[in-house]
Structures are given as C-alpha cells and as structure tokens.
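Reading through the structure tokens given below for one structure.
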Amino acid sequence: MKASDLFVKALEAEGVEYVFGIPGEENLDLLESLRESSIKLVLTRHEQGAGFMAATYGRLTGKVGVCLSTLGPGATNLVTPAAYAQLGAMPMLMITGQKPIKTSKQGRFQVIDIVDMMRPITKFTNQIVSGDRIPSTVREAFRLASEERPGAVHIELPEDIAAEQTSAQLLTPSKTRRPIAEYKAISSAITMIEEAQSPLLLIGAGANRKLTAKMLREFVDKTCIPFVTTQMGKGVLNESDPRFAGNTALSDGDFVHRAIERADLIINVGHDVVEKPPFFMHHNDKKVIHVNFDSAAVDPVYFPQLEVVGDIANSIWQIKEGITPQDNWTLDFYKDVHQAYVEHRAEAEDDNRFPILPERLVRDIRKVMPDNGIVTLDNGVYKIWFARNYPAYHPNTLLLDNALASMGAGLPSAIAAKLVKPDVPVLSVCGDGGFMMNSQEIETAVRLKLDLVVIILRDDAYGMIKWKQANMQFDEFGLDYGNPNFVKYAQSYGAQGWRVDDADVLIHMVDKCLNTKGVHIIDCPVDYSMNDKTLNQTIKALSAKL
Numbered sequence: 004m005k006a007s008d009l010f011v012k013a014l015e016a017e018g019v020e021y022v023f024g025i026p027g028e029e030n031l032d033l034l035e036s037l038r039e040s041s042i043k044l045v046l047t048r049h050e051q052g053a054g055f056m057a058a059t060y061g062r063l064t065g066k067v068g069v070c071l072s073t074l075g076p077g078a079t080n081l082v083t084p085a086a087y088a089q090l091g092a093m094p095m096l097m098i099t100g101q102k103p104i105k106t107s108k109q110g111r112f113q114v115i116d117i118v119d120m121m122r123p124i125t126k127f128t129n130q131i132v133s134g135d136r137i138p139s140t141v142r143e144a145f146r147l148a149s150e151e152r153p154g155a156v157h158i159e160l161p162e163d164i165a166a167e168q169t170s171a172q173l174l175t176p177s178k179t180r181r182p183i184a185e186y187k188a189i190s191s192a193i194t195m196i197e198e199a200q201s202p203l204l205l206i207g208a209g210a211n212r213k214l215t216a217k218m219l220r221e222f223v224d225k226t227c228i229p230f231v232t233t234q235m236g237k238g239v240l241n242e243s244d245p246r247f248a249g250n251t252a253l254s255d256g257d258f259v260h261r262a263i264e265r266a267d268l269i270i271n272v273g274h275d276v277v278e279k280p281p282f283f284m285h286h287n288d289k290k291v292i293h294v295n296f297d298s299a300a301v302d303p304v305y306f307p308q309l310e311v312v313g314d315i316a317n318s319i320w321q322i323k324e325g326i327t328p329q330d331n332w333t334l335d336f337y338k339d340v341h342q343a344y345v346e347h348r349a350e351a352e353d354d355n356r357f358p359i360l361p362e363r364l365v366r367d368i369r370k371v372m373p374d375n376g377i378v379t380l381d382n383g384v385y386k387i388w389f390a391r392n393y394p395a396y397h398p399n400t401l402l403l404d405n406a407l408a409s410m411g412a413g414l415p416s417a418i419a420a421k422l423v424k425p426d427v428p429v430l431s432v433c434g435d436g437g438f439m440m441n442s443q444e445i446e447t448a449v450r451l452k453l454d455l456v457v458i459i460l461r462d463d464a465y466g467m468i469k470w471k472q473a474n475m476q477f478d479e480f481g482l483d484y485g486n487p488n489f490v491k492y493a494q495s496y497g498a499q500g501w502r503v504d505d506a507d508v509l510i511h512m513v514d515k516c517l518n519t520k521g522v523h524i525i526d527c528p529v530d531y532s533m534n535d536k537t538l539n540q541t542i543k544a545l546s547a548k549l
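Throughout, the numbering used here is defined as the position within the sequence shown, counted from one, plus 3.
Here you go:
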C-alpha cells in the first residue's frame, strides 16, 4: 500500500482519535490518507494552537496526542508546544512534512533540519527514509511518548516517502508492566513514617496518573496524615478534604510553608524538578522520602534521605498496607495553619471593588463551576491565585502549567478539553496578553460548534511581570499595551461577547454562559494593584505569626 496509508493505519492501531494541525503541500498524501480513516482532523489556525491541543489531549487521557504541520515555518511553530509537552510530561507526537529527500528541484527552499531542531526538546525525533520503516518508527515514538516520564516525540515524513509503495506490516505493542519498588525501600519508608512526630504528605506533578489518586486516598483515609499539593498536583486528592493543608503556589513565606516547616518528615510523592521547588531542604533534622517512578535529581535544595523508586500507585499501596497509624503523631497544627489561611482569604473574597480583585474572581468561579468542571489557565499572575485559592475536587479539573509556563495555551487547552469531555463544562481563564497570542483559535472553537466559556482578565498590561517589577522596586516601564474591543472581537468570529461592569455581575454572567450553547468570551477588568503588597508582604507577615 501507499506509505501514507500505512502511516495512518499505524496511528489508528495506536488508538489515535484526533490529529490537530495545519497541513501543507508536503502533507497532501498523508491528508488524503487521513480523509479515508477513522481519525478526525481538527484544523487549527496556528500550529502552536494545534500543539497545545495535542499536549492537553495527552494530559487528560494519558494517551498520545497527535499534531501535524508542514515543513519549515510550520514545523518551527511547534517548538513551543514541544517544550510545553516535554517539560509538562504530556505524551504528544508531532508529525512534520519535508521536501522530497531523494530528488528535489527546489534546493533549500523552506528546508531546515527539523529533526536536529527537535532533538533537545523531545524524547525521540526521527526522519522516515523508507516506507518500510514506518511501523517500527511509529511504534517506538508512541512507546517513548507514553512511558514514564511522558513527553514529546517527533516524526518527519518527507513528501516522496509518503507517496511510495510499501509492503511492511504493522507491529503489535508489547505487553509491559512498570517496575515496582524494592521491598526494603518500602519497609524503610514505613519505619520512617511510623517513627515521625509530624509527617506530612506532599503531592506533586508525577502523582497525577491513573490509579495513583485512588491509592493516595486510601493511604490518607487509613493514616489521616494531612496533605499539601504543588501547582500541578492539584486535584489528585479532593482539596475540600479537612486534611488538606494548602497549595505551594508560592515557593516560601505562605501559610502552607508553616505546615511544611513544622513537619519532621515529608512524604514527597511525584516530585518533579520542572516545578518551582515546593519547599527548600536544609541540613537539619527534617527528613524527606522521595516516592516516584525515577530516582531523585539531587540539587542544593533537594536531597532526600530515602528514595522509593517504582510505580507510584503500587508504592503507596504497599506502604498503606504495611503501615500502622501512630497515636503519638501530632497533626493538629496543620489544621490550624489551613484555618488561618482560609480566614485571611475570606477578607479579599468578599471585597466588592471593581475592577475585580483576583481573590474574589477565583471564589466566584469556584462557586459556579460544578465539581467535575474543567478550568484551563493561560499563564499570568492569576495562576498563583487559582493554584492557591481554587480548591480542585478531581484530578485534571484545574489545568495549569507550572513547567514551561507558556502564554497562549489557555484557549487551545480548553478546546482540547471540551473535545475529550464534551459533557463536562469547560471554562478557560486567560490574561489579555496570553489570550491574544492564540485568540484566532476562537474560530476553531466556533467551527467545531463547541460549548465553551473564556474569561479574559483585562489589565491592559503584562501583569505578572509588573508584579515582579514592583517586587524588585523598579519603576513601572515597558509593560502596558492596548486591547481590542473584546465583545466585538468575539462577535466577529461568530462567538458571543460579554463585558463585566460590576464585581457582583461576574458570577451570574459565568453561570448563564455555562448554561447557554456556543462559545462565550467574557471581558473582565481585573485589579492587580494589591498583588505586590498581598503576596510579598501581608501573607508573609501573617503566616510568620503562626
């Protein structure tokens, strides 16, 4: 058969449902093969949007998300999504086209070495030089993208290779099981936890996997050990649980860090060095158990005393089965810390000023979103407020990126989330800066007839950098810009546009949009003027008193 047909059959055999992207002339054989397949092509308005969609598909499903581009500029536009998936541990395959590699009459036109370009930011990158190599290359790409730690892979399919004939046969995936932790490590972990005075569970990005949440829930239910989360560990356990002690949205100085400081043992599950450190280790009596698929990458602020290396869910299960809860554990302080945080948070949440404070906005969105509703964030200072103040009740219901932390991902991520879970309400929160980087994907959402709500937090500036600028005591400079009329902008794409003009209006507007068909864009002015004082002074002063 034609090589492009075999390639698509290989994708079908791997369970691919969607290919996100923008084809070029070098992909036309592959496009024709896709036309006759069970795979749905989601045509986007920019390759970056396609990559973010594919990565989010991988994050939500655990299966490999697939995106497509042509050669040259199409392929270079996938660099940011490649890094986004690679750092964020999201399984994703990028397929790029290329000029004929056997004979070509166009010289170097649009030709750059995409394979070499992708090498530093992927787990695997390869040019297919023969149709006979398609089965093994595709199988290897999917294997590497999926296995721990998941990430980005890339295949280049040149135009002439796609068109040639091949008699190669597909390869069946081999059956594999992840290694489990060695029994002595499990035994040592149980002993350390039982001998601790104030153990604390920390849930990181690597714990956000199938079965892990169930095992962690059983562990917490048996031991009643409190837990805290990193930004990308949110929702692995229900954060309405009274044993939840906070989120490490800030690196230090928050209420949650008083809990971390009090702990004499931290059970650090799924630690991933791509996230900002949730705590800083020092040479003292505090001990850390590292529970992960891989051993710890040691650095100046992280050098755990014990490593439990193997499948995380199995490791937690083994520890849970062997542990005996201790009467001498002192855990009440963790509850006191969290209560102090809740009381301080409530003051700003009840503030009626307009433009709206981020704390009030986060509270109102949490009130109106159902427990299983998905919120996707772009990147900006509001991400700290959502990580810190938005309780997530289920895994992957607050999709934020604390790895590459790229702007422009919020809207494409919401589109992918709605495709994966069409019956679940999906809301995207974007700053005006990040939204405009991929705002053209509104047309994609409208064309796909999605029911989607996007809130644009408008401060007419790059607010995260303004906060940092103020923190460093620099004068305001170089970060302000203008914006379009977002209501008319939304309407020009066939979406519905709304504008918030009072703090009390937002919750009702979001509720109405979530329950009305179509794509809704909400322009919401936000007041970040208190960020520097609140995050850098007030919180640190109040938490220091505990």
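Idealized CB from N, CA, C, for every residue including glycine.
If contacts are defined as beta-carbon pairs under 8 Å, then residue i and residue j qualify, I think. What distance do you get, rounded to the angstrom?
i	j	result
Ser442	Gly413	10 Å between Cβ atoms; not a contact.
Trp332	Met218	So it is not a contact: roughly 20 Å between Cβ atoms.
His523	Val427	The pair is not a contact, with the Cβ atoms about 16 Å apart (cut-off 8 Å).
Tyr82	Ser40	First, the residue type needs correcting, since residue 82 is Val and not Tyr in the sequence shown. About 27 Å; that fails the 8 Å criterion.
Leu545	His347	6 Å
Glu362	Trp388	6 Å
Gly61	Ala88	7 Å
According to DSSP, which residues form a beta bridge with residue i?
i	result
His523	Val456 and Gln499
His157	Met97 and Thr128
Val259	DSSP, once it has assigned bridges, lists no residue as partnering Val259.
Asn295	Val312
Asp505	Paired residues: none, contrary to the question.
Phe23	Val45 and Cys70
Pro202	Leu268
Asp551	Because the chain spans 4 through 549 in this model, residue 551 falls outside it and cannot be assessed.
Asp302	Tyr305
Thr232	Ile206 and Asn250
Lys290	Leu268
Val529	Ile359
Thr379	Leu402 and Ser431
Lys5	Gln168
Determine the burial state of residue i: buried for a count of at least 16 other Cβ atoms within 10 Å of its Cβ, exposed for fewer.
i	result
Cys527	buried
Arg356	exposed
Arg38	exposed
Cys227	exposed
Met4	exposed
Glu185	exposed
Glu29	buried
His285	exposed
Pro202	buried
Ser243	exposed
Ala51	Contrary to the premise, residue 51 reads as Gln rather than Ala in this sequence. Flag for Gln51 reads buried.
Val304	exposed
Might you give, ordered along the chain, the residues of its own chain that have their beta carbon closer than 6 Å to the beta carbon of residue i, omitting 5 neighbours on each side?
i	result
Ile104	Pro161
Val513	Val371
Lys469	Leu482
Phe336	Arg265
Ala165	Ala6, Ser7, Asp32 and Leu33
Ala199	Asp267 and Leu268
Val449	Tyr496, Gly497, Ala498 and Val522
Thr233	Gly207, Thr251, Glu278 and Pro281
Gly313	Pro182, Ile183 and Ala184
Ala188	Val311
Lys225	Lys323
Met95	Ala57, Ala58, Gly61, Gly68, Ala88 and Ala155
Excluding the 5 residues flanking residue i on each side, which residues of the same chain have their C-beta closer than 8 Å to its C-beta?
i	result
Glu178	Sequence inspection shows Lys at residue 178; the Glu mentioned does not correspond to that position. None.
Met235	Gly91, Gly207, Ala208, Asn211, Asp275, Glu278, Leu403, Asp404, Asn405 and Ala406
Phe112	Lys102
Pro398	Asn211, Ala216, Gly238 and Val239
Once you ignore the five residues that flank residue i on each side, which residues in its own chain have a CB closer than 7 Å to its CB?
i	result
Pro358	Pro528, Val529 and Asp530
Ala78	Ser72, Thr99 and Ile117
Leu214	Ala316
Arg48	Gln443, Glu444, Glu446 and Thr447
Phe306	Met284
Val384	Gly466, Met467, Trp470, Tyr531 and Asn534
Ala171	Leu9, Gly134, Asp135, Ile137 and Pro138
Which residue marks the beginning of the beta strand (DSSP E) containing residue i, and which one marks its end?
i	result
Ser431	Val429 to Gly434
Phe247	Phe247 to Asn250
Along the chain, where does the alpha helix (DSSP H) that runs through residue i open and close?
i	result
Ile164	Glu162 to Ala166
Val82	Val82 to Gly91
Lys543	Ile542 to Ala547
Val340	Asp335 to Glu352
Arg122	Premise fails: Arg122 is in no alpha helix (DSSP H) and is neither H nor E.
Leu219	Thr215 to Thr226
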